[in-house]
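Novice:
Numbering (our numbering), first residue to last: 253 to 542.
Structure representation (structure tokens):
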């Protein structure tokens, strides 16, 4: 079928707008990457845009030999893995239970969960609670308070509600228990929504720093995001990155923030391509209300 002139014009304008959106979206990250490979003089002169100027990798070498950075990196990985597992288990079970129409008090529990989306205790009561529980300076202060996102739980609940009840009835007739049906039938059919929730929780845990800022006093327990926050706030100098000379300090001062940002976001960029194929289908299936 021959395309009309108006449709061709529309396609050209559409491509131009999308390219502009892609450029605006990617420019900040590409600029940081370019700065991480550029020299201090070029950065200070404002010559670095998308292509590195005065190419150097000395700051990368310095950061990669910094034990503080790697300790923070290890802490972030532990917090992300433990936090994501806890969040996935609690959110999945909560959503599955609330999706059952035969659950007594289902509307009350759902309304109570939604209520917490808009009203909560506040910062000081939360801090006092964590302290009274003895969780300060422990991993539990990081992974437990935000374990269940009600928004994510509601998406999963809608997904489970969309599954045919005949599946569970057939499994029950074959002698499967409630837990067996959930583990062997429901979860294998829920890969899109599980992958989407995994991505949400993993990225959220990886980027989180405020909880560690509030509840952790020991620097050896800081996640890498708090390490980066201290760099951006000027609380950490180049000496903490292992600089040994004035020239090193000068060079690091211009690049260290950009290098740390690149190294921090790199794992998420590596994981995202493997789960992004489930992202759209998981969100769409879970957001449909029947």
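Backbone N, C-alpha and C define an ideal beta-carbon position, used for all residues, glycine too.
If you follow the alpha helix (DSSP H) that residue 395 is part of, which residue opens it and which one closes it?
Specialist: Segment 392-395, the alpha helix (DSSP H) holding residue 395.
Novice: Suppose contacts are defined by Cβ-Cβ distances below 8 Å. Is residue 324 in contact with residue 479 by that definition?
Specialist: Cβ distance < 8 Å, so residue 324 and residue 479 count as in contact.
Novice: I need the DSSP call for residue 304, collapsed to helix, strand or coil.
Specialist: Residue 304 falls in the coil class under three-state DSSP.
Novice: Closest to residue 515 by C-alpha separation, out of 277, 318 and 390, would be which residue?
Specialist: Selected option, being the one with the closest Cα: 318.
Novice: Return the Cβ separation of residue 437 and residue 423 in integer angstroms, given the expectation that the two are a contact with Cβ distance under 8 Å.
Specialist: Their Cβ separation, rounded to whole angstroms, is 6 Å, which keeps residue 437 and residue 423 in contact under 8 Å.
Novice: From the DSSP output, in three-state form, read off residue 474 for me.
Specialist: DSSP places residue 474 in coil when its eight states are reduced to three.
Novice: To the nearest angstrom, report how far apart residue 370 and residue 332 are at their CA atoms.
Specialist: Rounded to the nearest angstrom, the two C-alpha atoms are 26 Å apart.
Novice: Note down, in chain order, each residue of its chain lying with its Cβ closer than 7 Å to the Cβ of residue 472, except the 5 sequence neighbours on either side.
Specialist: Excluding sequence neighbours, residue 472 sits near 323.
Novice: Give the straight-line distance between the Cα atoms of residue 292 and residue 321, rounded to the nearest whole angstrom.
Specialist: Using only the alpha carbons, I get a separation of about 21 Å.
Novice: So, residue 512 versus residue 315, is the Cβ gap smaller than 8 Å?
Specialist: A contact, by the Cβ cut-off of 8 Å.
Novice: Could you compute how far the alpha carbon of residue 381 sits from the alpha carbon of residue 395?
Specialist: If I take the Cα positions, the gap works out to 15 Å.
Novice: Please state if the CB of residue 336 and the CB of residue 454 are separated by a distance shorter than 8 Å.
Specialist: Yes; because the gap between Cβ atoms is below 8 Å, this pair is in contact.
Novice: Between 519, 420 and 402, which has its C-alpha nearest residue 363's C-alpha?
Specialist: Minimum Cα distance to residue 363 is reached at 402.
Novice: Determine the extent of the alpha helix (DSSP H) in which residue 448 is found, giving its start and end residues.
Specialist: Element bounds for residue 448: 443-459.
Novice: By a C-beta neighbour count over all protein chains shown, 10 Å radius and 16 as the cutoff for buried, is residue 412 buried or exposed?
Specialist: Buried, because 16 or more other Cβ atoms sit within 10 Å of the Cβ of residue 412.
Novice: Kindly give me the distance between the Cβ atoms of residue 482 and residue 288, rounded to whole angstroms, as I take these residues to be in contact under 8 Å.
Specialist: No, residue 482 and residue 288 are not in contact; Cβ-Cβ is about 18 Å, not under 8 Å.
Novice: My parser needs the alpha helix (DSSP H) runs of 4 or more residues fully inside the segment 274-331; what are they?
Specialist: List check, alpha helix (DSSP H) in window: 292-296 and 310-316.
Novice: Going by beta-carbon coordinates alone, are residue 272 and residue 286 separated by less than 8 Å?
Specialist: The answer is no: Cβ separation not under 8 Å.
Novice: Taking 8 Å as the limit between beta carbons, can you name the residues of its chain near residue 389, skipping five residues before and five after?
Specialist: For residue 389, where only same-chain residues beyond five positions count, the Cβ hits under 8 Å are 467, 468, 469, 470 and 473.
Novice: Could you please give the first and the last residue of the uninterrupted alpha helix (DSSP H) stretch that includes residue 423?
Specialist: Counting along the chain, the alpha helix (DSSP H) containing residue 423 begins and ends at 417-425.
Novice: Pull up the distance between the alpha-carbon of residue 347 and that of residue 414, whole angstroms please.
Specialist: Taking the straight line joining both Cα atoms gives about 12 Å.
Novice: Indicate the three-state DSSP secondary structure (helix, strand or coil) for residue 355 in the structure shown.
Specialist: In this structure, residue 355 counts as coil in the three-state DSSP scheme.
Novice: Is DSSP giving residue 255 helix, strand or coil here?
Specialist: Reduced to three states, the DSSP call for residue 255 is coil.
Novice: First and last residue of the alpha helix (DSSP H) that includes residue 377?
Specialist: From DSSP, the alpha helix (DSSP H) with residue 377 extends over 375-384.
Novice: The alpha helix (DSSP H) with residue 465 in it runs from where to where?
Specialist: Residues 462-467.
Novice: When the Cα atoms are used, what is the spatial distance from residue 495 to residue 524?
Specialist: Residue placement at residue 495 is flagged as unreliable, the pLDDT there being 47, under the threshold of 50; the coordinate-derived value follows with that caveat. So the alpha carbons of these two residues sit roughly 34 Å apart.
Novice: Below 8 Å on the Cβ atoms is my contact criterion, and I expect residue 368 with residue 475 to pass it. Report the Cβ-Cβ distance as a whole number of Å.
Specialist: At roughly 25 Å, the Cβ-Cβ gap does not stay under 8 Å, so residue 368 and residue 475 are not in contact.
Novice: Leaving aside the five residues before and after residue 488 along the sequence, list all residues of the same chain whose C-beta is less than 6 Å from its C-beta, in chain order.
Specialist: Legend: pLDDT at residue 488 = 48, less than 50; position of this residue unreliable, no value from coordinates given.
Novice: Could you pull the start and end residues of the alpha helix (DSSP H) that residue 411 belongs to?
Specialist: Per DSSP, residue 411 belongs to the alpha helix (DSSP H) from 402-413.
Novice: Spatial neighbours of residue 461 within its chain, please: CB distance less than 6 Å, with the 5 preceding and 5 following residues excluded, ordered by chain position.
Specialist: Contacts found: 477, 478 and 481.
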